[in-house]
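Numbering (full-length UniProt numbering), first residue to last: 1 to 135. Think of the CB as a built atom: it goes at the ideal place given N, C-alpha and C, for glycine as much as any other residue. This one's a predicted model, so the numbers in the text were calculated from it and none came from an experiment. Quick notes on the structure that follows.
Structure, rendered in structure tokens:
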């Protein structure tokens, strides 16, 4: 987790560098340049970290969406194939068959989300295991 270096309640302006009474203009400008360049580097590092976190979140959401998009039709077709193999298509009314297929699709979506959650945690588990092995 990255902490915000400039919280909203901070009332100090970012570019305000106070001039000391005994300081020459040249020394003041050099000190301002050093302090402001340090702040800019800090803000750039925070921005880069936020961009990296945002990219990882986008990848995670994209993976979940693709998994849901591909598993939905597969689960429904497998449910229908299972009903057809049991020869239930002739004896079971169509609304009941549709309800069974829909329930299978919903259960498959929950299963797909669980698999996506496990896949998201897998790199962390592997890194933790690797770090424990080196201790």
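Can you grab the Cα-Cα spacing for the pair residue 97 / residue 69, in whole Å? Rounded to the nearest angstrom, the two C-alpha atoms are 22 Å apart.
Note down, one range per segment and in chain order, each beta strand (DSSP E) of at least 3 residues found wholly within the stretch 41-103. Along the stretch 41-103, the beta strand (DSSP E) does not occur as any fully enclosed run of 3 or more residues.
Pairing CB atoms from the stretch 85-104 with CB atoms from the stretch 37-47, are three or more of them under 8 Å? Here the stretch 85-104 does not lie against the stretch 37-47, with fewer than 3 beta-carbon pairs under 8 Å apart.
CA-CA distance, residue 61 and residue 84? Using only the alpha carbons, I get a separation of about 35 Å.
Run through DSSP, which three-state label would residue 17 get? If DSSP states are grouped into helix, strand and coil, residue 17 belongs with coil.
Mapping DSSP to helix, strand and coil, what is residue 120? The three-state secondary structure of residue 120, taken from DSSP, is helix.
Which word fits residue 144, buried or exposed, when buried means at least 16 other C-beta atoms lie within 10 angstroms of its C-beta? Shown here, the chain extends from 1 to 135; a query on residue 144 therefore has no answer.
Does residue 2 pass the burial test, meaning 16 or more other C-beta atoms within 10 Å, or should it be called exposed? Note that residue 2 has pLDDT 46, beneath the 50 cutoff, so the model's placement of it is unreliable and the number below is only indicative. Result: exposed.
What is the rounded straight-line gap between the Cα of residue 113 and the Cα of residue 121? Taking the straight line from one Cα to the other gives about 12 Å.
Taking 8 Å as the threshold, find out whether the stretch 103-110 comes into contact with the stretch 74-83 through three or more Cβ pairs. When Cβ pairs closer than 8 Å are counted between the two stretches, the stretch 103-110 is seen to touch the stretch 74-83, the count reaching three or more.
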